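Engineer:
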Ligand code: GLN
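In this note's numbering, the protein residues as written are 3 to 194.
1. Tell me the DSSP secondary structure of residue 189 in three-state form.
2. I'd like the list of long-range same chain contacts for residue 34, defined as Cβ closer than 7 Å, with 5 residues on each side in sequence excluded.
3. Tell me whether the segment 136–150 and the segment 101–117 touch, counting them as touching only if at least three CB pairs, one residue from each stretch, are closer than 8 Å.
4. Pull up the distance between the alpha-carbon of residue 181 and that of residue 23, whole angstroms please.
5. Give me the residue from 159, 64, 183 with the minimum Cα distance to residue 136.
6. For the alpha helix (DSSP H) that residue 89 lies in, which residues bound it at each end?
7. Tell me which residue opens and which closes the beta strand (DSSP E) that residue 108 is part of.
8. For residue 116 and residue 141, what's the separation of their Cα atoms in angstroms?
9. Run the proximity test for residue 173: is its beta-carbon closer than 8 Å to any non-hydrogen atom belonging to the ligand GLN?
10. According to DSSP, residue 14 sits in a beta bridge with which residue or residues?
11. Less than 9 Å between the C-beta atoms of residue 190 and residue 6, yes or no?
12. By Cβ distance, which residues of its chain are closer than 7 Å to residue 120, with the 5 residues on each side in sequence left out?
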């Protein structure tokens, strides 16, 4: 049981699943759509979904700059799939003019695994966990390049798919669609 209050960016995507995963771990979980809600949380999850839509909505809802500011100030954040793209400093194969929140010194390739393997699942070994996780990839990005402060926690098809840099964590896959709370717990550990 933790006393932390954790937000889930609730513009689009797997919001409900992340809220449920946090609640199952005994954490107070809140949907974040407004700057005041963002200010009230100790950490934030950026869900899977569609990164271009989320970035546009974040701008429309006046959340993009507040999100950048809080991440710059050291707020712990965890991005899954589209959320990983939102946290990335650089995108390859993004939509024209696609903005990110940034903070994580990585280059991500959107829809990296290609059409034939649009979606797949595998047992993935992840640094920091003793047993593999069941990882679900859905039109997932992979990490193409990492800056010096970035730790690679897991790879698939020879590319990083789970990374950590300080208090930022990102996965190409969707731990929120599983009942295994171990990756959410790794994130909660970053809240300190
Ligand atoms: N391909 C999506 C994007 O670019 C991410 C897919 C997902 O989150 N499942 O945002």
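We put the CB at the ideal spot given by N, CA and C, even for glycine. Here the structure is a predicted model, which is why all the values come from computation and not from measurement.
Structural biologist: So, to answer that:
1. DSSP places residue 189 in helix when its eight states are reduced to three.
2. 9, 10, 11, 12, 40, 43, 46
3. Touching, yes.
4. 7 Å
5. 183
6. 84–89
7. Residue 108: member of the beta strand (DSSP E) spanning 106–111, first to last residue.
8. 8 Å
9. no
10. DSSP lists no partner for residue 14.
11. yes
12. Correct list, in chain order: 141.
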